[in-house]
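These notes concern the structure reproduced below.
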Amino acid sequence: MKLKIPPIRVARPYIIFGLILGVFFYIIPGFAWPPTSSHYFIMTIWLITTLGYIIIGIFTSYYVIEKDGIIQHRFTKSYIFHFEEIVFVDRPYTDKKKTLRFITDTGDIRYLLLDYEAKIYDAVLKHCTLLSEQDFKVRFPNIKI
Numbered sequence: 001m002k003l004k005i006p007p008i009r010v011a012r013p014y015i016i017f018g019l020i021l022g023v024f025f026y027i028i029p030g031f032a033w034p035p036t037s038s039h040y041f042i043m044t045i046w047l048i049t050t051l052g053y054i055i056i057g058i059f060t061s062y063y064v065i066e067k068d069g070i071i072q073h074r075f076t077k078s079y080i081f082h083f084e085e086i087v088f089v090d091r092p093y094t095d096k097k098k099t100l101r102f103i104t105d106t107g108d109i110r111y112l113l114l115d116y117e118a119k120i121y122d123a124v125l126k127h128c129t130l131l132s133e134q135d136f137k138v139r140f141p142n143i144k145i
């Protein structure tokens with residue numbers, strides 16, 4: 001079953017990145033006010049490119065929950081997160097930011113945007129053997145939660 005991610009949450013990084021680089025692309029032909037035709041041309045190309053990435057990102061970002069883990073699809077790549085590799089879930093962060101923050105058995109911190117009904121969050125809590133906060137601090141003393 002495909003679990004879609006809310007479009008605004010997928011588009012937000014592209015919009016921020018597009019605005020920041022849009023300023024740089026505006027400055028390339030020289031800073032001028034009012035903008036010249038080269039400014040309009042460059043900004044139009046950049047806007048079309050950014051909108052293309054946003055649309056592709058929205059339609060190609062989704063999750064699939066399997067019996068042994070979660071598969072995240074982004075563009076043409078798939079990332080597999082096995083339930084037995086997830087050792088800790090930062091519940092306050094996840095509840096506040098609506099982004100699943102978890103730590104793997106190697107100490108890597110991963111972030112996954114929650115789907116509409118937070119089914120990936122429920123699946124992780126149901127299928128993973130999670131450490132308590134005290135056990136986590138003993139096992140990974142250098143990771144701040």
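Here my numbering is used: position 141 in the sequence shown is 141, and no number is missing along the way. Idealized CB from N, CA, C, for every residue including glycine. Source: prediction; values computed, not measured.
DSSP three-state assignment for residue i, whether helix, strand or coil
{"i": "I109", "result": "strand"}
{"i": "K137", "result": "helix"}
{"i": "L130", "result": "coil"}
{"i": "K144", "result": "coil"}
{"i": "L21", "result": "helix"}
{"i": "I16", "result": "helix"}
{"i": "I5", "result": "coil"}
{"i": "I28", "result": "coil"}
Outcome for residue i when other beta-carbon atoms lying within 10 angstroms are tallied against a minimum of 16
{"i": "Q134", "result": "exposed"}
{"i": "I65", "result": "buried"}
{"i": "L114", "result": "buried"}
{"i": "L112", "result": "buried"}
{"i": "I86", "result": "buried"}
{"i": "Y116", "result": "exposed"}
{"i": "I55", "result": "exposed"}
{"i": "I16", "result": "exposed"}
{"i": "A11", "result": "buried"}
{"i": "I103", "result": "buried"}
Sequence-distant residues of the same chain with beta carbon closer than 6 Å to residue i, five excluded per side
{"i": "D90", "result": "R101, I145"}
{"i": "F81", "result": "G69, I70"}
{"i": "F59", "result": "none"}
{"i": "F140", "result": "G107"}
{"i": "S61", "result": "I5, V10, R74"}
Cβ-based neighbour list, residue i, same chain, cut-off 8 Å, excluding 5 preceding and 5 following
{"i": "M43", "result": "G22, F25, Y26, P35"}
{"i": "I120", "result": "L3, Y63, I65, I70, L100, L112, L114"}
{"i": "S38", "result": "P29"}
Pick from the options that is closest to residue i, judged by C-alpha positions
{"i": "Y93", "options": "I80, R110, I55", "result": "R110"}
{"i": "P29", "options": "L19, Y40, I20", "result": "Y40"}
{"i": "L130", "options": "P7, F83, P13", "result": "F83"}
{"i": "T18", "options": "T76, I45, V138", "result": "Note that residue 18 is Gly in the sequence shown here, rather than Thr. Of the listed residues, the one whose Cα sits closest to G18 is I45."}
{"i": "Y53", "options": "T76, P141, A118", "result": "T76"}
{"i": "K137", "options": "G107, C128, H127", "result": "G107"}
{"i": "K126", "options": "P7, K67, S38, T60", "result": "K67"}
{"i": "D122", "options": "S132, I143, K98", "result": "K98"}
Residues of its chain near residue i, where Cβ-Cβ distance is below 7 Å and the 5 sequence neighbours each way are ignored
{"i": "D105", "result": "E85, V87"}
Neighbour flag for residue i against chain D, beta carbons, 9 Å
{"i": "T49", "result": "Annotation note: the requested chain D is absent from the structure, which comprises a single protein chain."}
* Pick out the complete beta strand (DSSP E) segments inside the stretch 34 to 99, 3 residues or longer, and give them in chain order. => Counting whole runs of 3 or more residues, the stretch 34 to 99 contains the beta strand (DSSP E) stretches 62 to 65, 69 to 74, 77 to 82, 86 to 89.
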